[in-house]
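Beneath this line is the structure, given in structure tokens, with notes to follow.
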Amino acid sequence: MATIIYQSNTGSSKKYAEMLSEKLSLPVYSLSQAESVNPDEEIIFFGWVMAGDIQGLSQLRQKFSNIKCICAVGITTNEKNSAEVKEKNSVTEPFFALPGDFHIDKLKGMYKMMMSMMIKMLKSKLKEKPAAESEKIMTIFENGVDQVSEDKLDGVIEFLG
Ligand SMILES: Cc1cc2nc3c(=O)[nH]c(=O)nc-3n(C[C@H](O)[C@H](O)[C@H](O)COP(=O)(O)O)c2cc1C
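Structure representation (structure tokens):
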């Protein structure tokens, strides 16, 4: 039996982890609450993506070596982006990129500042050189998006058998 662990900032990774827990009747913990989990336990991990880095993954690896699969939750989950995230985080385990929610007003402190800077940079870049993909991301940054739904877990569930 595997254990689900997640690292979430605004709740998307948590929602996916809890949905999977409910569906497969598996225990679920946030990374900070996972001290009691046996280090030999098989782990299904959900972590949100920040500037290409899967949050919590390096801490997870320090304690657990038996990682069954890694699910990265971010705004963009196209093939190119997912391949970049997988490579940047040296993921060798089975990997799933899942679309998460984004609402700028849910962000606090450093994350809000980082995102405001990213939006400014993207805006000036778009002025110089319009690009359809960046326009799409800009709309998401400005208007927010809800993308979490149970059907997005189908691939993970199929893999877990
Ligand atoms: C500072 C910051 C940087 C982000 N960088 C990325 C990124 O590089 N790639 C991506 O797909 N999403 C990125 N996102 C979007 C989040 O990964 C997305 O909103 C995700 O759903 C958050 O998961 P959570 O709700 O579990 O915290 C970023 C968000 C913030 C606040």
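Its first residue numbered 5, the sequence shown is counted upward by one per residue in this note's numbering.
Glycine included, every Cβ here is placed at the ideal spot set by N, Cα and C.
Distances between the C-beta of LEU111 and the heavy atoms of ligand 1 include at least one below 7 Å.
Annotation note: the stretch 34-118 contains the following uninterrupted alpha helix (DSSP H) runs of length 4 or greater, listed N- to C-terminal: 61-67, 83-92. Approximately 14 Å separates the beta-carbon atoms of VAL32 and GLU46; this is outside 8 Å, ruling out the contact.
DSSP places THR143 inside the alpha helix (DSSP H), whose first and last residues are 136-147.
Taking a C-beta distance under 8 Å as the contact criterion, LEU28 and THR7 do not qualify as a contact pair. THR7: member of the beta strand (DSSP E) spanning 7-11, first to last residue.
If you draw a straight line from the Cα of ASN13 to the Cα of PRO103, it comes to about 14 Å. The Cβ neighbour count for LYS124, taken over all protein chains shown within 10 Å, is under 16; the residue is labelled exposed. Under the DSSP assignment, LYS27 falls in the alpha helix (DSSP H) whose first and last residues are 16-28. Minimum Cα-Cα distance from MET142 among the listed residues MET122, CYS75, SER153, LYS156 corresponds to MET122.
In this structure, ALA76 sits near ILE58, with a CB-CB distance shorter than 8 Å. A distance criterion of 7 Å places the beta-carbon of LYS127 beyond contact range of ligand 1, judged by its closest non-hydrogen atom. In the three-state reduction of the DSSP assignment, VAL32 falls in the strand class. Of all C-beta pairs linking the stretch 89-108 to the stretch 149-164, three or more are shorter than 8 Å, placing the two stretches in contact. Residue state for GLY165 is assigned as coil, using DSSP reduced to three classes. Non-local C-beta neighbours of LYS92 in its own chain, meaning closer than 8 Å and more than five positions away in sequence, comprise GLY56, ASP57, ordered along the chain.
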